[in-house]
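Peer 1: Position in the sequence shown (from 1) plus 1 gives the number in the working numbering. All C-beta atoms, glycine included, are put in the ideal place defined by N, C-alpha and C. Quick caveat: nothing in here was measured; it's all calculated off a predicted structure. I'd like to ask you about the structure that follows.
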Amino acid sequence: MTGPTAEQINDVLVGFDRLYGLELLDHSETEVRARVQVRDELKQPAGLVHGGVYASIAEAITSLATGLAVLASGRTSMGLSNSTSFLRPIIEGYIHAEAVALHRGRTTWVWEVRFTDDDERLCALTRMTIAVREIRAG
Numbered sequence: 002m003t004g005p006t007a008e009q010i011n012d013v014l015v016g017f018d019r020l021y022g023l024e025l026l027d028h029s030e031t032e033v034r035a036r037v038q039v040r041d042e043l044k045q046p047a048g049l050v051h052g053g054v055y056a057s058i059a060e061a062i063t064s065l066a067t068g069l070a071v072l073a074s075g076r077t078s079m080g081l082s083n084s085t086s087f088l089r090p091i092i093e094g095y096i097h098a099e100a101v102a103l104h105r106g107r108t109t110w111v112w113e114v115r116f117t118d119d120d121e122r123l124c125a126l127t128r129m130t131i132a133v134r135e136i137r138a139g
């Protein structure tokens, strides 16, 4: 896929993605890799990374990759469904995310996002559905 590099995208991240520290590492139309450094602000009171952080990462990276893939055809992307299963906690280091497109349809894309810790242990799985829609004029 031609388009911006991961570094170029990281330079222009704004809003919530910048706030929690999303760092895109690599992307294509069918795969995305990213990470987020664990900080106290991202933890729930028990000291574990908050589940909303995983959901945010999954939606951000899959919406981004889908959007870049469909933009040239006059379409855009947005999260439609996000379901995460938590398998083991992450309490320090980095949250590593790898997303793979499972379905690339006309109106929806479905992704699987695997979250691992620094020891490459599987910590969470997300099934993310992205809506693909025509860009509205104006």
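Measuring alpha carbon to alpha carbon, tell me which residue in Ala138, Tyr95, Trp112 and Ala56 is nearest Ala132.
Peer 2: Stepping through the sequence shown from its first residue, residue 132 is reached at position 131. Nearest C-alpha to Ala132: Trp112.
Peer 1: Going by DSSP in three states, Leu23 sits in which element: helix, strand or coil?
Peer 2: One-based indexing of the sequence shown puts residue 23 at position 22. Coil at Leu23, not helix or strand.
Peer 1: DSSP has Ile62 in a bridge; who is on the other side?
Peer 2: For the purposes of this step, residue 62 is taken as the residue at position 61 of the sequence shown. Partner(s): none; Ile62 has no beta bridge.
Peer 1: Check whether the Cβ atoms of Thr85 and Ala125 lie closer than 7 Å to each other.
Peer 2: Within the sequence shown, residue 85 is the residue found at index 84, counting from 1. Within the sequence shown, residue 125 is the residue found at index 124, counting from 1. Yes, the pair counts as a contact, with Cβ atoms nearer than the cut-off.
Peer 1: Just the C-alpha distance for Ile91 and Asp41, rounded to the nearest angstrom, thanks.
Peer 2: Position 90 of the sequence shown, counting from 1, holds the residue named residue 91. Position 40 of the sequence shown, counting from 1, holds the residue named residue 41. Spanning the two alpha carbons is a distance of roughly 12 Å.
Peer 1: Which ranges would you report for the beta strand (DSSP E) in the stretch 24 to 112 if only whole runs of at least 3 residues count?
Peer 2: Qualifying beta strand (DSSP E) stretches, in chain order: 24 to 28, 32 to 38, 76 to 87 and 95 to 105.
Peer 1: Is DSSP giving Val15 helix, strand or coil here?
Peer 2: Here residue 15 is taken as the residue at index 14 of the sequence shown, counted from 1. Val15 falls in the coil class under three-state DSSP.
Peer 1: Quick one: grab the DSSP three-state call for Ala138.
Peer 2: Taking the sequence shown and counting its residues from 1, the one referred to as residue 138 is at position 137. Three-state DSSP puts Ala138 in coil, outside helix and strand.
Peer 1: Looking at chain B, is there any beta carbon in it that lies within less than 7 Å of the beta carbon of Ala61?
Peer 2: You won't find chain B in this structure, because it holds only one protein chain.
Peer 1: Between the C-alpha atoms of Ile96 and Ile136, what's the straight-line distance to the nearest angstrom?
Peer 2: By 1-based counting over the sequence shown, the position of residue 96 is 95. By 1-based counting over the sequence shown, the position of residue 136 is 135. Cα to Cα, the separation comes out at about 33 Å.
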